[in-house]
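Peer 1: Once you've had a glance at the structure underneath, I'll fire off some questions.
In our numbering, the protein residues as written are 179 to 848.
Following this line, the structure appears as structure tokens:
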């Protein structure tokens, strides 16, 4: 045996170190073995995404096999979006490092999702794909959802078809969503869960609406309440109960009848297949209050009720639940004033009214409250006969007159032409004011149309009857120009009368034009009693004097006979402008005295009016006296009634003497 060992040649490449460690593989065989082992493993690189299989998991971490020589560990937090994760599921992971200091394979599922998330989100939007997302937290106006590692926004209105009152119940939940909007520039993604529900509801709506019929009664749940009505969920489709269909009576807001989440029975009033609209009614399930209205109720009956609505044109009064009548504003008061209903009553007020019309078929009723009081126009002709005088209150002005009220409900019109005998009134405000009392006389009564024609100037006698004897054509009077117009001037004459002079009649003797506020003598050239018009002229006075002078000169050169005729013709003119006027003024005085007595009898209770009448009379006497002095040449002025009468007697005697003088020969007069 020794010989055999001696004959064995030693191996030059024998690895004694490996032999000493117990490794029986040669270097070649080991390399082959390593190569064959490496071929059984995946070749991986750092910073790439691979697919692995979950081999085990606990509350803290998930172990993933990616086919490498060692398994990787991923934090459980990265799988919160997927609570259904289990062993054997394939997941994508991102290789952060093949080995750390401990030789551990470092993986990340979150980064793997993020690296491909935008591609997946865009694909989900294009393909209308349903994806899963994890609701992380609340934010203003909605929720933050984790979708493929991207934080997407879920608006509050897109969570459900029903209004959400508590958003917190959705936090930490995984739900299905649809991507509805992507903004690549700002990396914003908007998702919706409501879109999925609506698709399901749309199918349900088609089925439900196809089975609907008018008059059908269904049970539903109050889903939403608005100021105009209530939305009711009928089991996948919504219908609207308008506020007017909630109750037969008037209500201010639907929450007076129903509350959220109430289960109620409703009747289908109408529906639209195309627009998917359903009109529902609640009050229609109960009988109409008009059907149970008492049969004995009739026109003329007095009823009580509560004001429920007020408009400018009237007020609606509820006499029973669901039974209303309208009181028009014209039926609230006998007065003709234009009022609004708010001036008479308010909402919630209890009122009493008379039934004016009653239509049970149309379910309409009109009421009135003024009928509870007597109609002041019923005996208007007895209370305010034509010619009677009364004190009224001015209520309103128009360009053509003033409306006055004698009593509540009795109004009349004083036409602008019936305000004054002498003054030309342009607007009633020149004579009176709104709210002021005014004396009126009834001129005409129109009972059918409830109109009174009233007058104010008729309380005094028509002075134009007297003026007709004073302002005769050819008479001369002193006047003051009070207004200049394009066509002439307004002249204030005695006794408050106004005359008119055209520009050619305002030329003075020196050929200058008369000016405003200038006091001159004017000759009456036209008097129209019916039109109350007096046309006067200043220039006619000096023109006539010039004509008279020429005529006198011609007559003297022609002989005594012509001069005598001229004097004889001048004497009647002198009588007309002197002694004749004295008689007329005496007659005017007597008329003014009688007017004063009548005025005092009528206005005994109105001291101020009596004083004004007395002052007017004193002014008239003063003007009369001045006129007498100018025309008769009397040096003294009558101050008392006795003196006036004496002067009248003297005037009569003077008249007789003047007559005698006119009969004397013409030579004596010259």
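Ideal Cβ positions, reconstructed from N, Cα and C, are used throughout, including at glycine.
Predicted model, so just to flag it, every value in this text is computed and none were measured.
1. Are the Cβ atoms of residue 401 and residue 423 separated by less than 8 Å?
2. Going by DSSP in three states, residue 628 sits in which element: helix, strand or coil?
3. Where does residue 501 fall in DSSP's three states?
4. How big is the Cα-Cα spacing for residue 568 and residue 640?
5. Give, in chain order, every unbroken run of the alpha helix (DSSP H) that is at least 4 residues long and sits entirely within the region 554-596.
6. Going by DSSP, name the residue or residues bridged to residue 272.
7. Give the C-beta separation of residue 714 and residue 679 to the nearest angstrom, bearing in mind that I take them to be a contact with Cβ-Cβ under 8 Å.
8. Pick helix, strand or coil for residue 683, following the three-state DSSP scheme.
9. Beta strand (DSSP E) containing residue 701: first to last residue?
10. Decide if residue 829 is buried, meaning its Cβ has at least 16 other Cβ atoms within 10 Å, or exposed.
11. Under DSSP, the alpha helix (DSSP H) around residue 715 begins and ends at which residues?
12. Going straight from the alpha carbon of residue 239 to that of residue 323, what length do you get?
13. For residue 491, count neighbouring C-beta atoms within 10 Å of its own C-beta (all shown protein chains included) and say buried if the count is 16 or more, exposed if not.
14. To the nearest angstrom, report how far apart residue 495 and residue 476 are at their CA atoms.
15. Rounded to whole angstroms, what's the CA-CA distance from residue 384 to residue 439? Just pull it up for me.
16. To which residues of the same chain is residue 676 closer than 8 Å at the C-beta, ignoring the five residues directly before and after it?
17. State yes or no: is the C-beta of residue 681 within less than 8 Å of the C-beta of residue 655?
18. DSSP state of residue 638, grouped into three classes?
19. Straight-line CA distance for residue 822 to residue 653?
20. Determine whether the beta carbon atoms of residue 547 and residue 529 lie at a separation below 8 Å.
21. How close, in whole Å, do the beta carbons of residue 458 and residue 446 come, if the pair is a contact with beta carbons under 8 Å?
22. By Cβ distance below 6 Å, which residues in the same chain neighbour residue 426 in space, the five residues on each side in sequence not counted?
23. On the CB-based measure, 16 or more other CB atoms within 10 Å of its CB, does residue 596 come out buried or exposed?
24. Shortest alpha-carbon distance to residue 554 belongs to which of 412, 629, 326?
25. For residue 526, count the other beta carbons within 10 Å of its own beta carbon; 16 or more makes it buried, fewer makes it exposed. Which is it?
26. For residue 547, which three-state DSSP category applies?
27. Any idea which residues DSSP pairs residue 552 with across the strands?
28. Would you kindly work out how many angstroms separate the C-alpha atoms of residue 633 and residue 508, rounded to a whole number?
29. What number of angstroms, rounded off, separates the C-alpha of residue 296 from the C-alpha of residue 405?
30. Taking only three categories from DSSP, how would you classify residue 615?
31. To the nearest angstrom, report how far apart residue 703 and residue 642 are at their CA atoms.
32. Would a C-beta distance cut-off of 8 Å place residue 308 and residue 369 closer than the cut-off?
33. One question on the structure: do residue 410 and residue 399 come within less than 8 Å of each other, judged by their Cβ atoms?
34. For a quick check, are the C-beta atoms of residue 347 and residue 299 less than 8 Å apart?
35. Count the other C-beta atoms from every protein chain shown that fall within 10 angstroms of the C-beta of residue 820, then say buried if there are 16 or more, exposed otherwise.
Peer 2: Walking through what the data contain:
1. no
2. coil
3. strand
4. 19 Å
5. 558-561
6. 227, 286
7. 5 Å
8. helix
9. 697-706
10. For residue 829, the predicted model reports a pLDDT of 42, less than 50, meaning its position is unreliable; a value from the coordinates is still stated below. Residue 829 comes out buried.
11. Run containing residue 715: none in the alpha helix (DSSP H); it sits in the beta strand (DSSP E), 711-715.
12. 22 Å
13. exposed
14. 17 Å
15. 24 Å
16. 600, 601, 602, 660, 668, 669, 670, 712
17. no
18. coil
19. In this prediction, residue 822 scores a pLDDT of 37, lower than 50, which makes its location untrustworthy; the coordinate-derived value is nonetheless stated afterwards. Distance between the alpha carbons of residue 822 and residue 653 is about 22 Å.
20. yes
21. 6 Å
22. 461, 467, 500
23. buried
24. 629
25. exposed
26. coil
27. Bridge partners of residue 552: none, in fact.
28. 27 Å
29. 44 Å
30. strand
31. 16 Å
32. no
33. yes
34. no
35. Note on residue 820: pLDDT 38, under 50, position unreliable in the model; the coordinate value appears next. Residue 820 should be labelled exposed.
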